[in-house]
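**Q** In our numbering, the protein residues as written are 440 to 630.
Backbone N, C-alpha and C fix where the C-beta goes; we use that ideal spot for every residue, glycine too.
Since we're looking at a predicted model, the values are computed, not measured.
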Amino acid sequence: TTIFRSQLFWLAAQRQLIVTVCSLQREKGIIPNMSLVQQFLMNAQFVSDDDDAQTATTGQSASACISPSPDFNASSDAAELDKAIKTKGVDEATIIRIITTRNNAQRQEIKAAYHSLTGKSLEEAMKKALSSHLQDVVIAMLKTPAQFDAHELKAATKGLGTDEETLIEILASRDNKQLREINKVYKDRKS
Numbered sequence: 440t441t442i443f444r445s446q447l448f449w450l451a452a453q454r455q456l457i458v459t460v461c462s463l464q465r466e467k468g469i470i471p472n473m474s475l476v477q478q479f480l481m482n483a484q485f486v487s488d489d490d491d492a493q494t495a496t497t498g499q500s501a502s503a504c505i506s507p508s509p510d511f512n513a514s515s516d517a518a519e520l521d522k523a524i525k526t527k528g529v530d531e532a533t534i535i536r537i538i539t540t541r542n543n544a545q546r547q548e549i550k551a552a553y554h555s556l557t558g559k560s561l562e563e564a565m566k567k568a569l570s571s572h573l574q575d576v577v578i579a580m581l582k583t584p585a586q587f588d589a590h591e592l593k594a595a596t597k598g599l600g601t602d603e604e605t606l607i608e609i610l611a612s613r614d615n616k617q618l619r620e621i622n623k624v625y626k627d628r629k630s
């Protein structure tokens, strides 16, 4: 954990340096040379205190990517997913429709409802039913943002060498609250 803390400290310092350099370049009218993802992150609107207040009053974040489905029912979605998984040949269209049209909070409710309905993990059921890139995407969408980031951080530091781009991309674009959540999930996964 001390190595992880020192990496976080180093990356937080690097994050501040990147933000400062990019701000100075923008003031001078210079467009920084960076990847498409970095450009997106520079222009993206992240959850702020105002968004937290809106979420508390409306239940919906101003910067949410997928709006909550108005006709959402976790139990019926879980039953429909179970049927799609058990169908001969797997009904991928139904899985894609449900997973991609529900926001993360709703997907977490579906996971709980699926476990209550079948006594099995939805992730494990998807791993058995799907393959290749579709499996990777669906499994990733079933994770909370902190779980996904912790998984990606672990993968970026696994084996020989590190994937610095992934480390910087995740750690430089998250606020302190998100970093604490990622740290908690990362520590929980190790124990």
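1. In angstroms with no decimal places, state the Cα-to-Cα distance between ARG506 and GLN617.
2. Around the Cβ of LEU599, are there at least 16 other Cβ atoms within 10 angstroms (buried) or fewer (exposed)?
3. Can you tell which of ALA579, LYS567 and THR540 has its C-alpha closest to the C-alpha of ASP521?
4. Here's the rule I'm using: 16 or more other beta-carbon atoms within 10 Å means buried, otherwise exposed. How should ASP614 be labelled?
5. Indicate whether the contact test is met: 3 or more Cβ pairs, each with one atom in the region 525-541 and one in the region 552-560, closer than 8 angstroms.
6. Hey, could you find the ends of the alpha helix (DSSP H) VAL529 is sitting in?
7. For ILE524, collect the residues of the same chain with a Cβ closer than 6 angstroms to its Cβ; drop the 5 residues on either side in sequence, then sort them by chain order.
8. Distance, Cα to Cα, ILE535 vs ASN622?
9. Please identify the residue among ALA532, ALA518, ARG546 and HIS590 whose C-alpha is closest to the C-alpha of SER508.
10. Please report the straight-line C-alpha distance between GLN574 and ILE607, rounded to a whole angstrom.
11. First and last residue of the alpha helix (DSSP H) that includes ARG541?
12. In terms of residue numbering, what span does the alpha helix (DSSP H) encompassing LYS593 cover?
13. From SER570 to LYS597, what distance separates their C-alpha atoms?
14. So is TYR625 buried or exposed if we call it buried at 16+ other beta carbons inside 10 Å?
15. So GLU548 packs on ALA513, CB below 8 angstroms; how close in whole Å?
16. Expressed to the nearest angstrom, what Euclidean distance is found between the alpha-carbon atoms of ALA611 and PHE511?
17. What do you get for THR497, buried or exposed, if any count of 16 or more other CB atoms within 10 angstroms of its CB means buried?
18. Does DSSP put SER631 in a helix, in a strand, or in coil?
19. Measuring CA to CA, which of ASN543, THR539 and ILE609 is closest to LYS582?
20. What span of residues does the alpha helix (DSSP H) with ASP575 cover, start to end?
**A** According to the structure shown:
1. Working through the sequence shown from its first residue, we reach residue 506 at position 67. Working through the sequence shown from its first residue, we reach residue 617 at position 178. Correcting the residue type first, residue 506 is Ser in the shown sequence and not Arg. In a straight line, the C-alpha of SER506 is about 20 angstroms away from that of GLN617.
2. Taking the first residue of the sequence shown as position 1, residue 599 is located at position 160. Classification for LEU599: exposed.
3. The residue given as residue 521 occupies position 82 in the sequence shown. The shortest C-alpha separation from ASP521 is found at LYS567.
4. Along the sequence shown, one-based indexing puts residue 614 at 175. Burial call: exposed.
5. Output reads no: the region 552-560 does not touch the region 525-541.
6. Sequence index remark: in the sequence shown, residue 529 carries index 90 (1-based). First-last for VAL529: undefined, no H or E at that position.
7. Translated into positions along the sequence shown, residue 524 becomes position 85. Taken in chain order, the residues that qualify are ALA564 and ALA568.
8. Residue mapping note: residue 535 aligns to position 96 of the sequence shown, counting from 1. Residue mapping note: residue 622 aligns to position 183 of the sequence shown, counting from 1. Approximately 30 angstroms between the Cα atoms of the pair.
9. Locating residue 508 in the sequence shown gives position 69, where the first residue counts as 1. Minimum Cα distance to SER508 is reached at ARG546.
10. Position 135 of the sequence shown holds residue 574. Position 168 of the sequence shown holds residue 607. Roughly 26 angstroms separates the two Cα atoms.
11. Here residue 541 refers to the residue found at position 102 when the sequence shown is read from its first residue. No alpha helix (DSSP H) contains ARG541, which DSSP labels as neither H nor E.
12. The residue you call residue 593 lines up with position 154 of the sequence shown. First-last of the alpha helix (DSSP H) with LYS593: 584-596.
13. Residue numbering aside, residue 570 sits at position 131 when the sequence shown is read from its first letter. Residue numbering aside, residue 597 sits at position 158 when the sequence shown is read from its first letter. Each residue's alpha carbon lies about 23 angstroms from the other.
14. Counting from 1 along the sequence shown, the entry for residue 625 is found at position 186. Burial call: buried.
15. On the sequence shown, position 109 is the one that residue 548 refers to. On the sequence shown, position 74 is the one that residue 513 refers to. Contact flag correct, Cβ pair sits at about 4 angstroms.
16. Counted from its first residue, the sequence shown places residue 611 at position 172. Counted from its first residue, the sequence shown places residue 511 at position 72. Cα-Cα distance, rounded: 34 angstroms.
17. As a working note, residue 497 is residue 58 in the sequence shown. Because the pLDDT of THR497 is 42, which lies under 50, any placement of that residue in the model is unreliable, and the question is left without a value.
18. Residue numbering for the chain in the displayed model covers 440 to 630; residue 631 lies beyond these limits and cannot be assessed.
19. By one-based count along the sequence shown, residue 582 stands at place 143. Comparing Cα positions, the closest option is ASN543.
20. Taking the sequence shown and counting its residues from 1, the one referred to as residue 575 is at position 136. Segment 571-580, the alpha helix (DSSP H) holding ASP575.
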